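For reference, the structure is listed below as structure tokens.
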Amino acid sequence: MGFTCGIIGLPNVGKSTIFNALTSAKAAAANFPFCTIEPNTGAVPVPDPRMEVLAGLAGSEKILPTQITFVDIAGLIRGASKGEGLGNQFLGHIRSVDAVAHVVRCFDDDDIVHVEGKVDPMRDIETIDTELILADLDSVSKLASKLEKIAKSGDKEAKPRFAVLQELEAHLSSGKPARTLVSKGLEEHVTEMMATLLTAKPVLFVANVEEKDLHNKPEVGGSRFIDRVADHAKSVGSTLVIISGKVESEIAELSAEDRKGYLAELGMETSGLDRLTLAGYQLLELITFFTVGPKETHAWTAKKGTKGPQCAGKIHTDFERGYIRAEVISYQDYVDGKGEAGAREKGKLRIEGKEYVMQDGDIVHFRFNV
Ligand code: GDP
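Per this note's numbering, the very first residue in the sequence shown carries number 40; after that it's consecutive.
So, in structure tokens, the structure goes:
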């Protein structure tokens with residue numbers, strides 16, 4: 040399924056509106072592959088202007104963007120960690136995603152009920168964070184008490200693990216998410232546990248705002264709600280995407296051509312959904328590499344730091360198994376050479392072996408033997 044980003048937030052903050060706009064907008068753009076995996080799961084193409092440039096230079100018939108998957112995770116309410124609402128079911132959904140987009144309601148609309156009475160994004164963020172922290176605390180405490188017994192029985196390995204879990208337990212108990220704990224032993228002793236923790240996942244915030252607030256740049260003022268969320272996002276080392284679910288669902292109804300015009304009318308260069316997709320991509324620390332030829336320009340995704348053979352494996356398992364080398368041209372060299380032949384002439388085509396770490400923007404031919 041590739042890389043997944045879960046959309047979470049209290050009920051009625053606009054999660055489904057944003058999710059539906061994300062997925063239906065792309066379905067309307069016929070040359071983008073799109074699929075709904077389940078009603079609440081959709082693969083969304085990652086916008087990347089480099090694809091058009093490469094396809095132009097190579098005369099590609101088709102452009103195939105890379106994708107990330109979004110999951111609309113419903114059921115998060117106060118008390119969820121104790122099984123309220125969809126409780127455990129939604130916690131399980133969050134556990135299975137790679138990153139979290141936390142939607143907060145910044146729009147005031149008397150017709151739309153707020154589950155907590157009135158609009159207050161900071162209280163909402165706290166409510167959700169608390170539920171996630173409590174759920175993690177529960178898992179960590181259970182494992183800690185198990186390990187405590189084993190450690191007491193003299194097991195050498197259990198001792199350092201128990202010590203790290205105690206640190207983690209204290210950290211969560213003080214209301215802090217697991218991702219902010221800095222501790223030497225984390226990597227070494229509790230990697231598996233960390234992978235299951237909800238508050239260890241990278242998070243970005245999405246402020247769902249009124250249309251009039253779309254242009255409020257947090258750094259120059261803006262509405263009181265957005266400012267606070269922006270400050271909070273910054274303080275926890277996260278990013279904020281400002282979106283209007285209502286506007287996005289209108290944009291999603293339009294054809295690709297009309298969409299450009301409408302965005303210009305609103306004074307926006309890119310849709311909020313494109314910004315959200317990109318932010319998700321950055322949050323997951325992903326890079327894009329390309330395979331380019333007359334048939335297609337194809338963008339592929341890998342985690343930053345992935346080496347040649349594993350990148351080849353994204354295309355086909357045979358490519359990884361029989362990997363010999365990669366012939367690589369950087370995006371800039373490809374553009375400067377006005378295509379592959381020109382880049383080759385300038386000596387910009389590199390032969391890279393198994394240890395090569397793929398870079399964002401690389402244009403690659405894999406050589407393999409099976
Ligand atoms: P969810 O429960 O978080 O998935 O919320 P929904 O997406 O179902 O939205 C709840 C209600 O808020 C719906 O009636 C939406 O039409 C409305 N809504 C969503 N986004 C906006 C927005 O940006 N502005 C306004 N005024 N209403 C919105």
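A virtual CB, placed ideally from N, CA and C, is assigned to each residue, including glycine.
Since we're looking at a predicted model, the values are computed, not measured.
{"Asked": "Within a Cβ cutoff of 8 angstroms, which residues of the same chain sit near E258, ignoring the five residues on either side of it in sequence?", "Found": "Confidence at E258 is low in this model, with a pLDDT of 46, below 50, so its placement is unreliable and the value that follows should be read with caution. Closer than 8 angstroms at Cβ, skipping near neighbours: A269."}
{"Asked": "Determine the DSSP secondary structure at Q205, reduced to helix, strand or coil.", "Found": "helix"}
{"Asked": "Reducing DSSP to helix, strand and coil, say where D372 ends up.", "Found": "helix"}
{"Asked": "Tell me which same chain residues have a C-beta within less than 8 angstroms of the C-beta of T278, skipping the five on either side of it?", "Found": "L243, F244, A272, A318, Q321 and L322"}
{"Asked": "Using the beta-carbon count (16 or more within 10 Å), is N247 buried or exposed?", "Found": "buried"}
{"Asked": "Any heavy atom of the ligand GDP closer than 7 angstroms to the beta-carbon of G284?", "Found": "yes"}
{"Asked": "Would G45 be called buried (16 or more neighbouring beta carbons within 10 Å of its own) or exposed?", "Found": "buried"}
{"Asked": "The ligand GDP and S55: does any heavy atom of the ligand fall closer than 7 angstroms to the residue's C-beta?", "Found": "yes"}
{"Asked": "What residue range is occupied by the uninterrupted beta strand (DSSP E) comprising C44?", "Found": "T43 to I47"}
{"Asked": "Round the Cβ separation of V142 and G53 to the nearest angstrom and send it over; I've been treating them as touching at under 8 angstroms.", "Found": "6 angstroms"}
{"Asked": "Taking DSSP's pairing of strands, which residues face P84 in a bridge?", "Found": "Q106"}
{"Asked": "Among the candidates N79, M90 and D313, whose CA atom is the shortest distance from the CA of V110?", "Found": "N79"}
{"Asked": "Hey, out of R314, G344, T316 and G332, whose CA is closest to I326's CA?", "Found": "G344"}
{"Asked": "Buried or exposed: where does E165 fall if 16 or more other Cβ atoms within 10 Å of its Cβ makes it buried?", "Found": "exposed"}
{"Asked": "By how many angstroms is the C-alpha of V158 removed from the C-alpha of D148?", "Found": "9 angstroms"}
{"Asked": "Exposed or buried, which one is S192 when buried takes at least 16 other CB atoms within 10 Å?", "Found": "exposed"}
{"Asked": "Going by C-alpha to C-alpha distance, which of I368, V331 and D372 sits closest to I354?", "Found": "V331"}
{"Asked": "Considering only residues of the same chain and omitting the five flanking positions on each side of N59, which have a CB-CB separation below 6 angstroms?", "Found": "none"}
{"Asked": "I need the DSSP call for F73, collapsed to helix, strand or coil.", "Found": "At F73 the pLDDT is 46, less than 50, meaning the model places this residue with poor confidence and gives no usable figure here."}
{"Asked": "Rounded C-beta distance between Y362 and F405? I'm assuming under 8 angstroms.", "Found": "7 angstroms"}
{"Asked": "Three or more C-beta pairs closer than 8 angstroms, one from the segment 356 to 371 and one from the segment 387 to 396: is that the case here?", "Found": "yes"}
{"Asked": "Quick one: residues in its chain with C-beta nearer than 6 angstroms to the C-beta of A69, no 5 flanking neighbours on either side, listed in chain order?", "Found": "Low local confidence applies: a pLDDT of 38 at A69 is under 50, so the model's placement there is unreliable, with the coordinate-based value given in what follows. So no residue of the chain qualifies."}
{"Asked": "Kindly list the residues whose CB is nearer than 8 angstroms to the CB of E384, restricted to its own chain and excluding five residues on each side of it in sequence; keep chain order.", "Found": "G376"}
{"Asked": "Enumerated in chain order, which unbroken segments of the alpha helix (DSSP H) with a length of 4 residues or greater are wholly contained in the segment 113 to 180?", "Found": "126 to 134"}
{"Asked": "Can you tell me which of the three DSSP states A68 falls into?", "Found": "Here the model assigns A68 a pLDDT of 41, short of 50, so the residue's position is not dependable and the matter cannot be decided."}
{"Asked": "Beta carbon of G311: closer than 7 angstroms to some heavy atom of the ligand GDP?", "Found": "no"}
{"Asked": "With three or more C-beta pairs closer than 8 angstroms as the rule, is the segment 197 to 214 touching the segment 229 to 243?", "Found": "yes"}
{"Asked": "My understanding is that M161 touches R263, with C-beta atoms under 8 angstroms, so please give their C-beta distance in whole angstroms.", "Found": "Between R263 and M161 the Cβ distance is about 10 angstroms, and since that is not below 8 angstroms, they are no contact."}
{"Asked": "Do E292 and the ligand GDP come close, with the Cβ less than 7 angstroms from some heavy atom?", "Found": "no"}
{"Asked": "Apply the 10 Å Cβ neighbour rule to E170 and answer buried if 16 or more other Cβ atoms are within range, or exposed otherwise.", "Found": "buried"}
{"Asked": "Measuring only the C-alpha atoms, how far is P216 from G95?", "Found": "46 angstroms"}
{"Asked": "How would you label I402, buried or exposed, when you count the other beta carbons within 10 angstroms and need 16 or more for buried?", "Found": "buried"}
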